[in-house]
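Trainee: In my numbering, the protein residues as written are 21 to 124.
Beta carbons are placed, not taken as given, at the ideal position from N, Cα and C, and that holds for glycine.
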């Protein structure tokens, strides 16, 4: 298969990618565009999510920031003022902090 692949790549004038390079590129593109690492792991056929996390986990580094944004937008109005790290999106804080907090 490798010889056929190499001939096809050369004939098409494409860079010398291997099938593994394209697999890695697909994983990189999907993860950096927000696809969950669990889903990417499943598509790659990794036996364990640990394999995917060890290889591609650095690509989800913005996960911490996304998590912070979700927590801030959901609970920011309920945080004490000294812990509030800046502008909060969403509804304003209730008169009694925590009085209207309902977890669904």
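#1: Assuming residue 34 and residue 47 make a contact with CB atoms under 8 Å, what is their CB distance in whole Å?
#2: Does the beta-carbon of residue 24, which I'm using as the reference point, lie nearer than 8 Å to any heavy atom of the ligand SAH?
#3: Rounded to the nearest angstrom, what separates residue 89 and residue 80 at their Cα positions?
#4: Could you tell me how far apart the beta carbons of residue 56 and residue 72 are, in whole angstroms, since I believe they sit closer than 8 Å?
Mentor: Here's the rundown:
#1: Not a contact, Cβ separation roughly 19 Å.
#2: With respect to the ligand SAH, the structure offers nothing, as it holds no ligand at all.
#3: 15 Å
#4: At roughly 10 Å, the Cβ-Cβ gap does not stay under 8 Å, so residue 56 and residue 72 are not in contact.
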